[in-house]
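Numbers in the working numbering are just positions in the sequence shown, counted from 1, shifted up by 25.
Cβ coordinates follow ideal geometry from the N, Cα and C atoms, glycine included.
Shown next, in structure tokens, is the structure this report addresses.
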Amino acid sequence: MTAIALGLSPLAAAAGDLTRDRLPIRSEITGDNSYVVKLEAELPTGWNAVMGMDVSVSGVEATSQARALADEVDPWSKPAAPGTVAWASVSMPAPGWIGGQARLRVQLNPYADSAAVSGSLTRSRSLGDHLRASLSSDLIVRETGLGTVAAAQSWEANRSLRIDLTETGTALIARGQVLGSGLEQPEVNTTLTAERPLGGGLGMSTSLGELETGEPVLTVGARFNRTW
């Protein structure tokens, strides 16, 4: 018992340091009637642990798809109830033979009776003085209808290549996505996106999607982010 106590004492001291000095709480407004609260800490192992909540004022039904189909949404309909998603993630260096940064994330949405587990790997390299390339891949497994007979599982795999022009802040992103559910044939989506900051927390993005299946869709939008 004494040996166990001695072994745990450094961890207890480190936990005390984290609670006193290394747990900054940050909040961020995302611009779509929601905000994010984060609690972040660097573990003694060098890993980074983050816990947070995404709080949506407009509710979980205000999805990007619904906003894209604005002509089918009744502007006089009653707003959905607020929604909250709790999540936690751990980031760590990937093994040397892989390189880059690995992250494991778990999230729970009690309003939608859903949960998700995801793993991701990101690698970044400089290409000269003015370019930087980032390669990202992730796998997400979701379950909806938690605690019910109608519970269903789905999965999503993403891979993207991002090229950043460091002088202007412009980014070009090529993304491939595969969606699967049950025994159905997986759906493949590809997207090309360009992003550029306009200053003052305002940015603009343009994307061309559904390049492999169906009619190509062009989307132009603006975003506003503010962090304090």
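According to DSSP, residues forming a beta bridge with residue i
{"i": "residue 163", "result": "145, 183"}
{"i": "residue 222", "result": "228"}
{"i": "residue 191", "result": "In DSSP, residue 191 forms no bridge with anything."}
{"i": "residue 152", "result": "156"}
{"i": "residue 112", "result": "77, 132"}
{"i": "residue 205", "result": "180"}
{"i": "residue 198", "result": "187, 218"}
{"i": "residue 118", "result": "126"}
{"i": "residue 169", "result": "139, 177"}
Beta-carbon gap between residue i and residue j smaller than 8 Å
{"i": "residue 113", "j": "residue 131", "result": "yes"}
{"i": "residue 184", "j": "residue 206", "result": "no"}
{"i": "residue 187", "j": "residue 230", "result": "no"}
{"i": "residue 108", "j": "residue 129", "result": "no"}
{"i": "residue 146", "j": "residue 140", "result": "no"}
{"i": "residue 76", "j": "residue 68", "result": "no"}
{"i": "residue 204", "j": "residue 156", "result": "no"}
{"i": "residue 168", "j": "residue 175", "result": "no"}
{"i": "residue 192", "j": "residue 214", "result": "no"}
Reference residue i; option with closest CA among the options
{"i": "residue 136", "options": "81, 204, 128", "result": "81"}
{"i": "residue 66", "options": "116, 180, 232, 165", "result": "116"}
{"i": "residue 227", "options": "235, 194, 209, 208", "result": "194"}
{"i": "residue 121", "options": "69, 213, 215, 148", "result": "148"}
{"i": "residue 62", "options": "68, 110, 215", "result": "110"}
{"i": "residue 178", "options": "208, 189, 202, 155", "result": "208"}
{"i": "residue 172", "options": "204, 127, 138, 64", "result": "138"}
{"i": "residue 211", "options": "155, 176, 180", "result": "180"}
{"i": "residue 255", "options": "154, 216, 225", "result": "Look at the range of the chain in this structure, 26 to 253, and you will see that residue 255 is not part of it."}
{"i": "residue 71", "options": "127, 79, 123", "result": "127"}
{"i": "residue 164", "options": "119, 202, 73, 170", "result": "202"}
{"i": "residue 118", "options": "73, 151, 170, 152", "result": "73"}
{"i": "residue 166", "options": "125, 123, 182", "result": "182"}
- Message: Quick test of the definition: if touching needs 3 or more C-beta pairs under 8 Å, does the region 217-227 touch the region 188-208?
- Response: yes
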